[in-house]
Every structure is written in C-alpha cells, then in structure tokens.
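Quick note: the sequence shown uses the numbering used here, first residue 12, plus one each step. Where is the CB? At the ideal position from N, CA and C, for every residue including glycine. A short write-up of the structure that comes next.
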Amino acid sequence: MGVAYGGLRLLLAMGPTNLPRLGEVALDGWSLGFTFVLAVGAGLFLGSIPVWRYARGGQAVAVGTGGRTASVSRERHRSRNVLVVAQVAMSLVLLVSAALMIRTFVHLRHVDPGFADAERVQTMRIAIPASLIADPARVARMQHEIADELAAIPGVRSVGFAAAAPMEGIEPNWNLIYREGQNDQSNDHPPMRLFNYVSPRYFHTMETPMIAGRDLTWTDIHGPTLVAIVSEELARELWGSPQAAIGKRIREFAPWHEVVGVVADAHAKGIDQAPPATVYWPAKLGDYKGADAIDFSRAVTFVVRSERAGRQDFANEVQRAVWRVNANLPVASVRTMEEIYGQSLARTSFTLTMLGIAGSMALVLGVIGIYGVISYAVSQRRREIGIRLALGAQRGALRWMFVRSALVLTGIGVGIGLGAAAGLTQMMKSLLFGVSPMDPATFAAIPVVLVGCAVVASYLPARRAARVDPMEALRSE
C-alpha cells in the first residue's frame, strides 16, 4: 500500500492535463477492497493447488521422512517453477515496453522544436473581443501598443506575438495556399497548409532561425505591402530550396503576397509530430476586400524573452503592462514555453512512468521468485548437498548447479517473454517515436538485465549451500 500510494502520487504529478478524470484517481475504499479480495483470493487459490493435486482421486499424501530423505522430484517443483517462469516472462514484457518508451523519450528530447531556451520565454494569451474594440485596425494598433509596453519592462530582451505558439494546444488554421503560376482550378487544388498570424520579432523572440530573407517589420503590418514568410518545409516543397522561395508570390483567397523570408520548421502540434509546412501571414493582412474586411486575429499569444521568465513578480509586471494599454483586457494562460514544451511530452512521460513502475515491480517480484525457489531447493536438498560434499564435490560446482537451475528457468521465461513482447509492442506504435517496436538493442539488452538479476538472486542461496558442513548436514538428517 505504501508503494502504491507513492506511485499514485507520482502518476498524478506527471499525468497529462487532458487525461479524463485524472483528479478522481485515489486509493479509496473500493480500490483497497478490490486489492484485498484479489490478494486473499490469489493466496487461497495458489495455496489450494497442492491440496487439489494430492486429494484428487483419493491419493494419500506421504507422511514421514520421504520428503526429507530424497531429492525433491520434478513434479514437486513444477508449480513453483511455472510461477517463476511466468514472473520472468511478464517482467520482460513490461521492461521491454518501458525501455522502448525511454528510448522514445530520449529521441523526443533531442528533436529541435523550432525554438530555443524555452525556460526564458514567458507566454500569455490576450483576446480583444469585438464588444470591447470593434475596429479591426484599432485592434492591430492595440496589439502593437501592448508589445511596446512589454518591451519596456526591465530585463525584457524581445517581444512578439502570434495567433498561436507552437504546441500551445490551440487548434491551428488550415487552408488552401496557392503559389503563383500554379493552376488553381477546382480539379487541381493544392494540399491544405497550416497558417499563422505573427508580428515582427516573433521569430527573434522564439529564437527560430531565419533560413533566408528577412523578418517582418511594423511597416509590413500597418502599411500597404502584402508580404508573407514561409517555413523551410513549405519552401522546399514549392520551390526546391529556401533561397529560391524569396521573391515568389503566394495567396490564400485574394491578392498575391510576396515571400520575404523563410524560417526553420516548428513542431506546431507536438514534438512527436512532424513539423507542418506553414505560411506565416503578418498579424494584420492588407485591406483587399474593403475597409471593413481586414483579416487578422483578435486572440493572440504574446511571447516575451527575459531571464526573469517564470517568476511571479515578472508575471505581475507583465499583467500591469497590459492593463496600462487597456484595463479591461484579461491576461490568460501565463506560463513559460518550457511548461508548454513539457506538456507536449506529458503523454509520453506518463506512459513511461506507468510502465516503469509496473516493470520495476515485476522485476522485483521475478527476482524474489527466483531467490525463493533456489532457497527452498537448498533447504530441501541439504542432505544431498552434505553427501556430495562428503564424496568430494567442489563447492564451486555446487554453486553453479543452483545458479544453472535458475538460469534455465530464466531462459524459459525470457523465451516466452520475447515472443509475447514481440506481439504486444506492435500495439505501442502510436506511442513510439524514432524507435521501432522491434528495436534490436532493446530486445537484446533487457534479457541480459534479467539474466544478470537471476544470477545475483540465485547466487546468494547457492553460496549458502556451498558453505554447508557435510557432517553437520548428515547428523541433522
């Protein structure tokens, strides 16, 4: 119960926020009652196996010294050996699963997310509803004013904003994006592309590398020029290289926009998903449909790069800066990019933790089972050991005899476990990243770990057996 309580606290702390009813998970009366019934039922069932075996058909149980004067038969060992083999097999399956998740987690941590020094980037979500500011142009100017106020906070190095930050959990925008010279007839539509609205210095704040061309300027935002920035992936798809994209033109609905920059790819929906080909429009597009039809985003995520990011006093200053522009603006989702990045890994780390706890417990139970079986065999074969030693058997040979017995059981369990793991890990494909469900390194390393644990678990009672005094053993018999 103590281990279960500690493991539950760990799971709740690492569980993803979108896991349904996670907060309701607890060691309540129902779970404790179920565990108690299961434990008692298992004990009664397993304890009844020898009774059923010897009572079936009216067989009598031998009474006397038979069990003490003869080596224990295979029949008598069979049930214990089956349990040890099963424990080893289950341990291997769980440990292979946990190892695959560990390798997945390592691969994910080495993927470039499209931004840098996430712990130094403070984010906040600000929406300007039409009920507060109806004029779209005024909304764009207010967003600019907020950026200026945030930039004036001591310690702030850079400020920008976008309709959505990478991995923020906001559903991205998708639409057809046409490039100049492409046939845009209904029977030749291009694939859907992700698009985002960004401000000047957004990429600088996120430290997203500019591969080619230049960043946006406030003149691009408020002026008549129609420009855009594309991701490296989209530039390669449409024009073959980032450099070739500069000066080309694309559009969504109406006028063409000149591509002035190409930025590195960003993992918009999660580090475990490939970065999509993306178009970055200026935070306010040109007025191409009339005075009242300016395309923009009322809800944006501001990103602020500062060494003070993540501190409460800095968050308070950020909020006051926003309220200096308009005291009625709500500031929501105040967190760092490090928190957003960590949340994108929550599913993987949660699964890893669960499998790690289960695999560790299974390994411990397997080691205990091996130790118990070998210890029991030593106690039952004490007279035999004494005779062997009296007849000149080497103590090293005796130790190896018991270790070999454990290795045989472990080998059988490993063989069964490998077959089961090969099938079950295929169901983990959606959880894995950068590693195959049949990863050779994992399937080779885990059996070595189990065999090593089996050697240690069996060596201790084997060493005790080799230290038996032959005369004392025979005298006691």
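Residue j beta carbon less than 7 Å from that of residue i
i, j, result
"SER371", "GLY281", "no"
"GLY171", "VAL314", "yes"
"ALA465", "ILE396", "no"
"ALA343", "ILE164", "no"
"ALA279", "PRO177", "yes"
"THR362", "LEU443", "no"
"THR312", "ARG152", "no"
"MET101", "THR364", "no"
"VAL107", "ALA432", "yes"
"VAL167", "SER317", "yes"
"ALA162", "MET348", "no"
"PRO293", "ILE368", "no"
"ALA320", "VAL132", "yes"
"VAL99", "GLY377", "yes"
"ALA138", "ALA338", "no"
"ILE385", "SER469", "yes"
"ALA373", "LEU105", "yes"
Length of the line joining the Cα atoms of residue i and residue j
i, j, result
"VAL14", "ALA109", "19 Å"
"THR219", "PHE126", "5 Å"
"PRO341", "TRP229", "25 Å"
"ARG474", "LEU420", "19 Å"
"PRO458", "VAL425", "6 Å"
"VAL83", "LEU103", "Residue confidence for VAL83 is low, a pLDDT of 43 falling below 50, so the modelled location carries little weight; the figure read from the coordinates is stated next. Going from the Cα of VAL83 to the Cα of LEU103 covers about 29 Å."
"PRO286", "VAL460", "37 Å"
"TYR299", "ARG20", "Only weak support is given to the placement of TYR299: the predicted model assigns it a pLDDT of 44, under 50, and the value that follows is read from those uncertain coordinates. Cα-Cα distance, rounded: 56 Å."
"THR467", "THR453", "Note that residue 467 is Val in the sequence shown, not Thr. When rounded, the distance between both Cα atoms is 21 Å."
"ASP303", "VAL36", "Unreliable placement is indicated for ASP303, whose pLDDT of 39 sits below 50; the coordinate value is still reported in the next sentence. Distance between the alpha carbons of ASP303 and VAL36: 51 Å."
"ASP450", "THR115", "11 Å"
"PRO472", "VAL414", "9 Å"
"GLN437", "PRO448", "6 Å"
"ALA256", "ASP283", "27 Å"
"LEU38", "LEU57", "26 Å"
"TRP411", "ALA417", "10 Å"
"GLY91", "LEU23", "For the sequence presented, residue 91 should be read as Arg rather than Gly. When rounded, the distance between both Cα atoms is 36 Å."
"LEU65", "ARG89", "For the sequence presented, residue 65 should be read as Tyr rather than Leu. Looking at the two C-alpha atoms, the distance is approximately 14 Å."
"ILE427", "GLY463", "18 Å"
"THR359", "VAL93", "34 Å"
"GLU328", "ALA175", "22 Å"
"PHE47", "ARG393", "36 Å"
"ARG149", "HIS121", "42 Å"
"ILE188", "MET217", "25 Å"
"ASN207", "GLU160", "23 Å"
"ILE398", "ILE381", "25 Å"
"GLN330", "GLY258", "39 Å"
"VAL62", "LEU55", "11 Å"
Residue i burial status per 10 Å Cβ neighbour count (16 or more: buried)
i, result
"ILE60", "exposed"
"LEU249", "buried"
"HIS155", "buried"
"ILE222", "buried"
"TYR16", "exposed"
"MET112", "buried"
"ARG225", "exposed"
"LEU33", "exposed"
"LEU49", "exposed"
"LEU409", "buried"
"ALA400", "Note that residue 400 is Leu in the sequence shown, not Ala. So LEU400 counts as buried."
Residue of the options minimising C-alpha distance to residue i
i, options, result
"ARG190", "ASP123, MET217, ARG260 and PRO235", "ARG260"
"ILE181", "ILE351, MET101 and ALA265", "ILE351"
"ALA404", "ARG149, ARG478 and ALA320", "ARG478"
"GLY422", "VAL95, VAL117 and ASP39", "VAL95"
"ARG335", "ILE157, MET112, TYR65 and SER42", "ILE157"
"ALA141", "SER469, PRO448, SER308 and MET449", "SER308"
"HIS118", "TYR470, GLY463 and VAL446", "VAL446"
"PHE325", "PHE45, THR134, VAL150 and GLY353", "THR134"
"LEU227", "HIS200, VAL274, SER42 and SER252", "VAL274"
"GLU263", "ARG120, LEU43 and GLN193", "GLN193"
"ASN186", "ALA138, PHE47, LEU205 and ARG399", "LEU205"
"GLY18", "LEU402, LEU366 and ALA97", "LEU366"
"GLY430", "ALA53, PHE45, ALA97 and TRP41", "ALA97"
"GLU179", "ALA408, ARG406, VAL375 and ARG346", "ARG346"
Residue i beta carbon near the ligand MG (any heavy atom closer than 6 Å)
i, result
"PRO293", "Although the ligand MG was asked about, the structure shown includes no ligands whatsoever."
7 Å Cβ cutoff, residue i in contact with chain B
i, result
"ASP276", "No chain B is present in this structure, which holds just one protein chain."
* Take every Cβ of the segment 207-216, pair it with every Cβ of the segment 169-189, and state whether three or more of those distances are shorter than 8 Å. => Enough Cβ pairs lie closer than 8 Å, so yes.
* Specify whether the segment 380-389 and the segment 140-157 touch according to this definition: at least 3 beta carbon pairs, one from each stretch, less than 8 Å apart. => The segment 380-389 is not in contact with the segment 140-157.
* Do the segment 262-278 and the segment 226-244 meet, that is, are 3 or more Cβ pairs less than 8 Å apart? -> The segment 262-278, when compared against the segment 226-244, does touch it at the 8 Å Cβ threshold.
* Just checking, does the segment 288-295 make contact with the segment 240-247 on the three C-beta pairs under 8 Å criterion? -> Touching, per the Cβ criterion.
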